[in-house]
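Chemist: The listed protein sequences derive, respectively, from chains S and U. Per my numbering, the very first residue in the first sequence carries number 1; after that it's consecutive. Per my numbering, the very first residue in the second sequence carries number 1; after that it's consecutive. We put the CB at the ideal spot given by N, CA and C, even for glycine. Quick caveat: nothing in here was measured; it's all calculated off a predicted structure. One structure, as structure tokens, below. Some questions next.
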Amino acid sequence: MPAERANADGLRRDALRERLALFGLGSPALLLVLVVMVLPVGWLFSLSFLSDEGALSLEHYRRMLEQPSYARIFVTTFQVSALTTGICIALGYPLAYVLSQLPRRAANLCMIGVLLPFWTSLLVRTYAWLVLLQRQGVINGWGIELGLWSEPLPLVHNLAGTLIGMVHIMLPFLILPLYGTMRAIDRDYVKAAANLGAGPVRAFWQVFFPLSLPGLFGGALIVFILCLGFYVTPAVLGGGRVIMVSNRIATDIELFFNWGAASALGVVLLVLTLGLLYAAARLVRLDGVLGGHGT
Amino acid sequence: MSWLSRPATETQITHGGRLWLYAVAALVMIFLVVPTLIVVPMSFSDSQYLEFPPRRWSLRWYANYAGSTEWVQATFTSLKAAFLTMLVATPLGTMAAYGLFASRLRWVRPVYVLLVTPIVVPVILVGIGVFYAYAKLKLVNTLLGIVLAHTMLAVPLVLLIVTSALKSYDMNQEMVARSLGASRPRAFFKVTLPQIRFAVATGAILSFLTSFDEVIVALFVSGGANSTLTRSMFNALRDQIDPTIAAISTIMIVVTTVLLALAQALGRQRQGS
């Protein structure tokens, strides 16, 4: 018996060694993420707890609480993110609903249209909106020519421009999970509701809509969370009038070389983002939702 | 008009009764697609002021672009960075995906989560964090610096795509190869890799695009002769609306579309096999 036991132990050891070796295949990627992301961001964390003289202090956080300009930035960030999420829901839900009822082939074709902006360069889209929305832009030109309004409307370099640009970027993030959820809904439930006498409106609100909520909720959360970290769109389409957390972080460093203040803001932004994401992950599966790129 | 009075869903609502819904969906679709594409015809305009439709056509903004050493140099920097990012991120992400998937150890989950976090961490933090670290390491304004940072942003995408391909792949095939005498690496390259190659290729294309389109990190760590196209574009956008950017945008749309069409074709083949 002892010989067999030794044999089994040896096999188990071999198996474990092999699994460790396989695990080791992930180490270059892990090393890269540690060196290029975790360490630098950790460094920022430590900077945020140091005073300008280098002593341990919470002054950057205290200033954030005391100065109303910081509070305003957080309010703006939340407002812009919430408005973008709301508009995305209003626009994305009907589209996802119609797409989910099309035959698969047609729906896939339309999906390319939804995904086109998803993968077109962020800057190209931002530029396109700038061209369309500016005072002498295409939309103002047409609007005046058609007599819809007489003076050029201020559509860009303000909150409106920022929202238009952000909704355009975030819509696919809402539509994709929502469409997936709607496709998976068993149509027999709606049929049953109709058979039991529910009209179209009632069948929708009492049967279909509640079943689509997980996708709507997951998509909306992702949109909201990703909005919090926006930089390029408010910087270009907001024209300096819409200052979100990321924009303030950049100015703190580019103009004032104030690493302490920037780091403290960054820590708050990161904690908010990861905290919300963690909460979201407990509520819905996020695997299929992610996969976009920096905004 | 028969289509209009036909029921659209199980609830007997007719297509005619919800025409408004189709109108809304169509408008949202237009909102999604048209703004990006409208830049293409505008880039061929002869006018200094961007107009649609252009009154006279010309290639002057393309000539402007090709004649500017700054833009051409930035384009080459971006292409180089994107290509190198693809070359590094694809094997790194594939190795990690395969290793984590096959090892089935207890710590796989946290490591996997850590490897995907770059997707959700606000990019501005990566930007200034990397800038701070690179300043100490003298990597600011170097191609190596850009490629390292972009690879870190691209690895999660490769990891996600390859992992999902491995989930639908039967690992027992590799066991069979090994029981027939193949070493683990040989079994991987001869049996597993050919079956997940479309996912790997898609990951490669997406990592190229990730780097090619990345703005914020490039703003902080690229500059001088190694300024990327996105960095130059961003700075130009803040100053004025130069129609040359319409020409550059069109070129970028073409590059992206070609690469995505390729990825789409690969995806279809993957489903077919």
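Just mark F209/S as buried or exposed, buried being the case when its beta carbon has 16 or more other beta carbons within 10 Å.
Modeler: exposed
Chemist: I'd like to check one pair, A82/U with S164/U: are the Cβ atoms closer than 7 Å?
Modeler: no
Chemist: Rounding to the nearest angstrom, what Cα-Cα distance links L266/U and A201/U in this structure?
Modeler: The alpha-carbon atoms of L266/U and A201/U are separated by roughly 8 Å.
Chemist: For a minimum of 4 consecutive residues, which ranges assigned as the alpha helix (DSSP H) are wholly contained in the segment 149-225 of chain U?
Modeler: 172-179, 184-187, 193-213 and 216-221
Chemist: Are the CB atoms of L265/S and I243/S within a distance shorter than 7 Å?
Modeler: no
Chemist: What three-state label does DSSP hand P7/U in the structure shown?
Modeler: strand
Chemist: Take S280/U and list the residues in its own chain whose beta-carbon comes closer than 7 Å to its own, dropping the five residues that flank it on each side.
Modeler: The displayed coordinates of chain U run from 1 to 273. Any statement about residue 280/U would go beyond what the structure contains.
Chemist: Helix, strand or coil for W142/S, going by three-state DSSP, please let me know.
Modeler: helix
Chemist: Given G239/S, which residues of its chain have a CB within under 6 Å of its CB, disregarding the five upstream and five downstream residues?
Modeler: H157
Chemist: For the alpha helix (DSSP H) that contains S48/S, what are its first and last residues?
Modeler: The continuous alpha helix (DSSP H) containing S48/S extends over residues L39 to S48.
Chemist: Between Q134/S, N258/S and G229/S, which has its C-alpha nearest L269/S's C-alpha?
Modeler: G229/S
Chemist: Taking 7 Å as the CB-CB cut-off, is E10/U touching chain S?
Modeler: yes
Chemist: State yes or no: is the beta carbon of A128/S nearer than 7 Å to at least one beta carbon in chain U?
Modeler: yes
Chemist: Between L95/S and chain U, is the shortest Cβ-Cβ distance under 7 Å, so that the two count as touching?
Modeler: yes
Chemist: Can you check whether the C-beta of S249/U is within less than 7 Å of a C-beta belonging to chain S?
Modeler: Yes, contact with chain S.
Chemist: So who's on the other strand from L56/S, going by DSSP bridges?
Modeler: L50/S
Chemist: For the ligand GDP, is there a heavy atom less than 6 Å away from the beta-carbon of F45/S?
Modeler: Annotation note on the ligand GDP: not contained in the displayed structure, which lists no ligands.
Chemist: How far does the alpha helix (DSSP H) with L30/S in it extend, from its first residue to its last?
Modeler: S27 to V33
Chemist: Would S273/U count as contacting chain S if we go by Cβ distances under 7 Å?
Modeler: Bear in mind that a pLDDT of 44 at S273/U, under 50, signals an unreliable position, so the model cannot answer this.
Chemist: If contacts are defined as beta-carbon pairs under 8 Å, then T36/U and R125/S qualify, I think. What distance do you get, rounded to the angstrom?
Modeler: So it is a contact: roughly 6 Å between Cβ atoms.
Chemist: Taking 7 Å as the CB-CB cut-off, is L269/S touching chain U?
Modeler: yes
Chemist: Against T230/U, what residues of chain S qualify as contacts under a CB-to-CB distance less than 8 Å, listed in chain order?
Modeler: S121 and L123
Chemist: Return helix, strand or coil for T228/U, following the three-state DSSP convention.
Modeler: coil
Chemist: Under three-state DSSP, which class holds W107/U?
Modeler: coil
Chemist: What do you get for P232/S, buried or exposed, if any count of 16 or more other CB atoms within 10 angstroms of its CB means buried?
Modeler: Note on identity: in this sequence residue 232/S is Val, with Pro being the wrong assignment. That one is buried.
Chemist: Taking C-beta pairs closer than 9 Å, name the residues in chain U that P177/S reaches, listed in chain order.
Modeler: Around P177/S, no beta-carbon contact reaches into chain U at under 9 Å, the shortest distance being about 15 Å.
Chemist: With 7 Å as the threshold, decide whether the Cβ of P118/U is near any Cβ in chain S.
Modeler: Yes, contact with chain S.
Chemist: Less than 7 Å between the C-beta atoms of T85/U and H15/U, yes or no?
Modeler: Result no, Cβ atoms of T85/U and H15/U do not sit closer than 7 Å.
Chemist: Using 8 Å as the threshold, is the segment 134-150 of chain S in touch with the segment 192-200 of chain S, meaning 3 or more CB pairs across them?
Modeler: no
Chemist: Just the Cα atoms here: how many angstroms apart are K138/U and L31/S?
Modeler: 20 Å
Chemist: Which value, in whole angstroms, describes the spacing of the CA atoms of P154/S and I139/S?
Modeler: Distance between the alpha carbons of P154/S and I139/S: 11 Å.
Chemist: Relative to the alpha-carbon of A261/S, which residue among R63/S, C227/S and R5/S has its alpha-carbon at the smallest distance?
Modeler: R63/S
Chemist: Roughly how many whole angstroms lie between the Cα atoms of L290/S and S150/S?
Modeler: Note that L290/S scores 48 on pLDDT, short of 50, meaning its location in the model is unreliable; the coordinates nonetheless yield the value given after this. Approximately 43 Å between the Cα atoms of the pair.
Chemist: Does any residue of chain U bring its CB to less than 7 Å from the CB of M37/S?
Modeler: yes
Chemist: Should Q48/U be labelled buried (16 or more other beta-carbon atoms within 10 Å of its own) or exposed?
Modeler: exposed
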